[in-house]
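Residue numbering for the sequence shown follows the numbering used here, beginning at 598 and increasing consecutively.
Single-structure report; data block below.
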Amino acid sequence: LGDGLVVDSTDPVQVSGLTGVVALSGGDAHTCAIREDGTAWCWGGNGYGQIGDSSIASAGVPVQVMLLADVTDISAGPDHTCAVTGNGEAWCWGRNSNGMLGDGTTTEKHAPVRVLIASTGSPFTNAVRISGRGLTDSCLVDASGAGWCWGLNAYGLFGDGSSTASPRAVPA
Numbered sequence: 598l599g600d601g602l603v604v605d606s607t608d609p610v611q612v613s614g615l616t617g618v619v620a621l622s623g624g625d626a627h628t629c630a631i632r633e634d635g636t637a638w639c640w641g642g643n644g645y646g647q648i649g650d651s652s653i654a655s656a657g658v659p660v661q662v663m664l665l666a667d668v669t670d671i672s673a674g675p676d677h678t679c680a681v682t683g684n685g686e687a688w689c690w691g692r693n694s695n696g697m698l699g700d701g702t703t704t705e706k707h708a709p710v711r712v713l714i715a716s717t718g719s720p721f722t723n724a725v726r727i728s729g730r731g732l733t734d735s736c737l738v739d740a741s742g743a744g745w746c747w748g749l750n751a752y753g754l755f756g757d758g759s760s761t762a763s764p765r766a767v768p769a
């Protein structure tokens with residue numbers, strides 16, 4: 598709940614020390630927020646590094662995500678998190694068993710890494726919205742309105758007519 602206690606509550610509780618929130622996203626065991634100053638904050642379970650503070654220690658109160666500023670969108674997936682910054686860069690961190698961080702690997706990361714474009718290997722620079730949507734895949738929308746996805750692509754989740762996995766972003 599972000600209040601520093603590890604106690605269930607049927608009543609709403611205020612997240613400790615977090616004000617000026619403009620966006621919020623909840624994963625399975627962690628939650629992330631963007632403050633009006635563009636900083637990203639996460640708290641809760643962190644077994645895969647999904648709160649982005651370079652550790653795997655859970656946090657009962659919000660901690661600032663490392664390396665990111667001017668965050669405009671954030672998505673807490675089940676065991677990973679993804680964000681977009683004002684310059685259009687896409688970043689992800691946490692569990693990466695199926696390549697859902699988009700950095701070309703399947704190694705978990707405890708701090709944000711850039712999402713890479715499969716065809717060029719270069720970082721994404723025109724992302725607008727992002728979704729760390731499941732245990733196996735992530736997707737984003739770029740400034741032109743085109744969709745991009747990366748990860749396992751089981752059952753054709755990328756929507757590109759294939760079921761080919763990609764640990765880097767491919768057009769959806």
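All C-beta atoms, glycine included, are put in the ideal place defined by N, C-alpha and C.
Quantities reported herein were computed from a predicted structural model and do not represent experimental measurements.
Sort out for me which residues DSSP pairs residue i with in a bridge.
i: Asp605; result: Asp605 is not bridged to any residue.
i: Arg711; result: Trp688
i: Thr628; result: Gly623, Trp640
i: Gln661; result: Trp638
i: Gly748; result: Asp734, Ser763
Give me the residue from the options with the minimum Cα distance to residue i.
i: Ile653; options: Thr761, Trp638, Arg692, Leu665; result: Arg692
i: Cys746; options: Glu633, Gly758, Ser759, Val767; result: Val767
i: Asp734; options: Gly674, Val658, Thr636, Gly641; result: Gly674
i: Val610; options: Asn695, Gly635, Gly657; result: Gly657
i: Ser719; options: Leu732, Glu686, Ala740; result: Glu686
i: Leu615; options: Asp757, Ala751, Ser716, Thr636; result: Thr636
i: Thr722; options: Thr702, Arg765, Asp739, Gly729; result: Asp739
i: Ala680; options: Val603, Thr607, Ala769, Cys629; result: Cys629
i: Glu633; options: Asp605, Glu705, Thr717, Val668; result: Val668
i: Leu732; options: Ala751, Cys639, Gly756, Leu602; result: Ala751
Going by beta-carbon coordinates alone, are residue i and residue j separated by less than 8 Å?
i: Leu737; j: Ile727; result: yes
i: Ala708; j: Thr682; result: no
i: Val662; j: Asp676; result: no
i: Ala762; j: Leu754; result: no
i: Pro659; j: Gly617; result: no
i: Ala703; j: Asn695; result: The question names Ala, but residue 703 in the sequence shown is Thr. Closer than 8 Å, so yes.
i: Arg765; j: Ala715; result: yes
Going by beta carbon distance, what residues of the same chain come within less than 7 Å of residue i, once the five residues before and after it are set aside?
i: Val710; result: Trp688, Cys689, Trp690, Leu698, Asp700
i: Leu664; result: Ala708, Pro709
i: Val603; result: Gly657
Can you say whether residue i is buried or exposed, counting buried as having 16 or more other CB atoms within 10 angstroms of its CB?
i: Ser672; result: buried
i: Ala743; result: exposed
i: Gly624; result: buried
i: Ser622; result: buried
i: Gly729; result: buried
Output needed for residue i: all residues of its chain with C-beta closer than 6 Å, excluding positions within five of it in sequence on either side, in chain order.
i: Asp670; result: Val681, Arg726, Ile727
i: Ser655; result: Gly642, Asn643
i: Gln647; result: His627, Asp676, His677, Thr678, Gly691
i: Ile771; result: What the structure shows of the chain is the stretch from 598 to 769, and residue 771 is not part of that stretch, so it cannot be assessed.
i: Tyr645; result: Asp676, Gly691, Arg692, Glu705
i: Gly756; result: Ala769
Ordered along the chain, which non-local residues of its own chain (more than five positions away) have a Cβ less than 8 Å from that of residue i?
i: Ser741; result: Asn723
i: Cys639; result: His627, Thr628, Cys629, Ala630, Gln647, Ile648, Gly649, Asp650, Ala656, Pro659, Val660, Val662, Ala673, Thr678
i: Ser759; result: Asn750, Gly753
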